[in-house]
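I have placed the structure first, in the form of structure tokens, so that the comments after it can refer back to it.
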Amino acid sequence: MDSDVSNNLTTPELLDLFGDEYTRTVLRLVAEQPRSGREVAEAADISRATAYRRLNDLRDAGLVRSEMQIQTDGHHREQFEAVDVSFAIALDENGLEARRRETDGSRR
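Numbering of the sequence shown is given in full-length UniProt numbering, commencing with residue 1 and proceeding in unit increments.
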């Protein structure tokens, strides 16, 4: 399935999102395996606030999904995982255009 960019992001917004090193690192980490915000912050060596900001940006863009998990001790923990998608970026007379393609086995 192809669609314009991701969850109503424009191509420039998508490129800005991926232009941020922290965002790319956070996405790579949750693509490796589902992680909590704390685990992302520790693995990326960034503050929790930065990790959660990037995770929320990626979730808003439809690139990450989250699920609340209840631990046996009653604590709640939000797990984040990447959604299986790819993007094609084309350059034509109108400039850059990104198109989103959900891959087989999409977790979404």
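Glycine residues also receive a C-beta, built at the ideal position from the N, C-alpha and C atoms.
Relative to glutamate 81, the option among Thr72, Glu39, Ala49 and Arg65 whose CA is nearest is Arg65. Membership of leucine 63 in any alpha helix (DSSP H) is not indicated, and neither H nor E is assigned to it by DSSP. Residue pairing for glutamate 78: DSSP places it in a beta bridge opposite Met68. The beta carbon of isoleucine 70 sits closer than 7 Å to the beta carbons of His76 from its chain, once the five residues preceding and following it are set aside; these are given in chain order. The shortest CA-to-CA distance from valine 26 to any of Ser86, Leu91, Ile46 and Gly62 is the one to Ile46.
Selection Asp57, Leu29 and Ala49 evaluated against glutamate 13 yields Asp57 as nearest (Cα-Cα).
In the three-state scheme derived from DSSP, where H, G and I count as helix and E and B as strand, glutamate 93 is classed as coil.
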